[in-house]
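Enquirer:
Protein chains: 2
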Amino acid sequence: MDENTLFDKLIAFTAAVHQVKHEMTQGIKPEGITPVQYSMLEYIAVSQPVTLSKISDCQQMSMPNTSREIKKLCDKQLCEKYDDPSDRRKQYVRLTGEGERVMKEAFGHVGARFLTRLQNASEQDLQEIVHAMDVLHSRVFYTDK
Amino acid sequence: MDENTLFDKLIAFTAAVHQVKHEMTQGIKPEGITPVQYSMLEYIAVSQPVTLSKISDCQQMSMPNTSREIKKLCDKQLCEKYDDPSDRRKQYVRLTGEGERVMKEAFGHVGARFLTRLQNASEQDLQEIVHAMDVLHSRVFYTDK
DNA sequence: GGATTTGGTTATCAAATGATAAGTAAATGG
DNA sequence: CCATTTACTTATCATTTGATAACCAAATCC
Chain E
1 MDENTLFDKL IAFTAAVHQV KHEMTQGIKP EGITPVQYSM LEYIAVSQPV TLSKISDCQQ
61 MSMPNTSREI KKLCDKQLCE KYDDPSDRRK QYVRLTGEGE RVMKEAFGHV GARFLTRLQN
121 ASEQDLQEIV HAMDVLHSRV FYTDK
Chain Y
1 MDENTLFDKL IAFTAAVHQV KHEMTQGIKP EGITPVQYSM LEYIAVSQPV TLSKISDCQQ
61 MSMPNTSREI KKLCDKQLCE KYDDPSDRRK QYVRLTGEGE RVMKEAFGHV GARFLTRLQN
121 ASEQDLQEIV HAMDVLHSRV FYTDK
């Protein structure tokens with residue numbers, strides 16, 4: 001396998017995913033939420049409950065800025081903090097009911113848009129697509145570190 | 001195929017790609033280039049030559065802002081504009097030699113980081129990965145519209 | 001050939017984001 | 001038990017980004 005071919009494909013592929021995701025999420029962002037906040041909500045939605053430090057790490061933003069943005073999201077009642085009983089320095093963040101609702105709706109819109117791309121795919125095509133995602137997710141785009 | 005499973009996987013997958021790409025490109029950004037500018041350079045690198053309107057469309061930023069940022073990149077000698085002889089309103093953008101060099105280096109760093117994720121993959125694994133990218137790129141994450 | 005559209009520019013403003021310094025309180029480690 | 005580290009907060013500032021209005025010149029459209 002030619003290494004450069006692989007790299008070129010990786011670059012092109014990640015760029016494409018990035019762009020399509022960008023298109024898909026255009027206009028769905030809940031009222032009054034900034035892009036960074038949306039991205040945090042998305043991360044919380046799939047990883048909750050999660051500490052501020054973890055959010056800071058994974059979203060690659062400084063703790064002060066993470067703290068500020070989470071505070072804003074809490075003010076908007078989209079998420080809430082609660083103490084870790086075993087370590088009182090730590091605070092976990094989770095979505096509120098409203099936050100769940102908002103993100104569910106956002107994900108629904110994204111889903112609907114993806115659906116238009118998949119509407120003339122056969123059952124077999126879908127199987128293949130799911131398999132491809134599993135392969136790449138587990139082998140290349142894993143995020144645990 | 002359960003539609004929700006597919007959506008959940010799509011959401012999780014795009015989030016993972018996004019995050020990994022973010023990690024991969026951390027710290028590689030050439031001196032004095034902002035995130036938006038880097039993203040534009042990346043787009044130009046894989047799509048050149050390309051008009052300002054097209055960049056504006058695909059990067060989903062307004063023409064005034066596109067114009068401003070491209071101007072900055074031209075000032076930095078990373079890209080250059082030239083006229084379309086058949087339509088004198090249009091201007092194409094392409095990387096300069098220096099721009100090519102800078103992006104090649106950036107892509108090289110990203111490639112190297114991906115390599116560490118793939119170092120214990122067999123030839124067969126790599127084939128499978130490339131195939132998976134081809135499937136997803138052509139069926140789900142195509143960007144021509 | 002005059003109105004409209006297309007492609008792009010300049011200027012300006014507000015908001016979002018990133019970075020830094022300085023602080024608190026709880027846990028951990030000799 | 002004192003020093004250090006971890007988890008998080010508050011405040012502040014500069015830069016980036018997004019949005020809008022007003023403009024020019026070339027192309028196109030009746």
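Residue numbers (UniProt numbering), protein chains in the order written: chain E, 1 to 145; chain Y, 1 to 145.
From the three backbone atoms N, C-alpha and C, an ideal C-beta is built for every residue, glycine too.
Measure the alpha-carbon distance for Y/Pro-49 versus Y/Val-93 and round it to whole angstroms.
Expert: Going from the Cα of Y/Pro-49 to the Cα of Y/Val-93 covers about 5 Å.
Enquirer: What is the residue span of the beta strand (DSSP E) that E/Tyr-92 lies within?
Expert: First-last of the beta strand (DSSP E) with E/Tyr-92: 91 to 95.
Enquirer: Grouping DSSP H, G and I as helix and E and B as strand, with all else coil, what is Y/Arg-117?
Expert: Reduced to three states, the DSSP call for Y/Arg-117 is helix.
Enquirer: Quick check on Y/Gly-99 - is its C-beta less than 7 Å from some C-beta in chain E?
Expert: It does not; no Cβ of chain E falls within 7 Å.
Enquirer: Taking Cβ positions only, does E/Asp-2 come closer than 7 Å to chain Y?
Expert: Chain Y contact via Cβ: absent.
Enquirer: Could you tell me which chain Y residues have their CB closer than 9 Å to the CB of E/Thr-143, listed as they occur along the chain?
Expert: Residues of chain Y passing the Cβ test: Ala-15, Ala-16, Gln-19, Val-20 and Glu-23.
Enquirer: I'd like the list of long-range same chain contacts for Y/Thr-66, defined as Cβ closer than 6 Å, with 5 residues on each side in sequence excluded.
Expert: Contacts found: Leu-52, Ile-55 and Ser-56.
Enquirer: Report the neighbours of Y/Leu-6 on chain E: residues whose CB is nearer than 7 Å to its CB, in chain order.
Expert: Neighbours of Y/Leu-6 on chain E, chain order: Leu-126 and Val-130.
Enquirer: Please list, in chain order, the chain Y residues whose beta carbon lies closer than 8 Å to that of E/Ile-135.
Expert: For clarity, residue 135 of chain E is Val in the given sequence; the question names Ile instead. Under the 8 Å cutoff, chain Y gives Glu-128, Ile-129 and Ala-132.
Enquirer: Taking DSSP's pairing of strands, which residues face E/Val-50 in a bridge?
Expert: E/Val-93, per the DSSP bridge assignment.
Enquirer: Return the Cβ separation of E/Glu-98 and E/Gln-124 in integer angstroms, given the expectation that the two are a contact with Cβ distance under 8 Å.
Expert: That pair is no contact at about 40 Å.
Enquirer: Does the region 15 to 30 of chain Y come close enough to the region 15 to 25 of chain E that 3 or more CB-CB pairs lie under 8 Å?
Expert: In short, these stretches touch, since the Cβ pair count reaches three.
Enquirer: Taking only three categories from DSSP, how would you classify Y/Lys-21?
Expert: In this structure, Y/Lys-21 counts as helix in the three-state DSSP scheme.
Enquirer: Rank E/Tyr-38, E/Arg-101 and E/Asp-84 by C-alpha distance to the C-alpha of E/Gln-72 and give the top, closest one.
Expert: It should be noted that the sequence gives Lys, not Gln, for residue 72 of chain E. Checked all of E/Tyr-38, E/Arg-101 and E/Asp-84; the closest Cα to E/Lys-72 is E/Tyr-38.
Enquirer: Since Y/Lys-76 meets chain E, which of its residues come closer than 8 Å, beta carbon to beta carbon?
Expert: Here the premise fails: no neighbours, minimum Cβ distance about 21 Å.
Enquirer: Near Y/Leu-126, what residues of its chain come up, given a Cβ to Cβ distance below 8 Å and the 5 sequence neighbours on each side ignored?
Expert: These residues qualify, in order along the chain: Leu-118.
Enquirer: For Y/Thr-116, is the classification buried or exposed, using 16 other Cβ atoms within 10 angstroms of its Cβ as the cut-off for buried?
Expert: Exposed, because fewer than 16 other Cβ atoms sit within 10 Å of the Cβ of Y/Thr-116.
Enquirer: Does any C-beta atom of chain Y lie closer than 7 Å to the C-beta of E/Lys-9?
Expert: Judged by the 7 Å Cβ criterion, E/Lys-9 is in contact with chain Y.
Enquirer: On the three-state DSSP scale, how would you describe Y/Tyr-142?
Expert: It is coil, neither helix nor strand.
Enquirer: Chain Y beta carbons: is any one of them nearer than 7 Å to that of E/Arg-113?
Expert: False, the Cβ-Cβ gap to chain Y never drops below 7 Å.
Enquirer: Is it right to say Y/Met-40 is buried, meaning 16 or more other beta carbons lie within 10 angstroms of its own, or is it exposed?
Expert: Classification of Y/Met-40: buried, given that the 10 Å Cβ count is 16 or more.
Enquirer: Kindly indicate which three-state DSSP category residue 146 of chain Y falls into: helix, strand or coil?
Expert: The requested residue 146 of chain Y does not occur in the structure, where chain Y is confined to residues 1 to 145.
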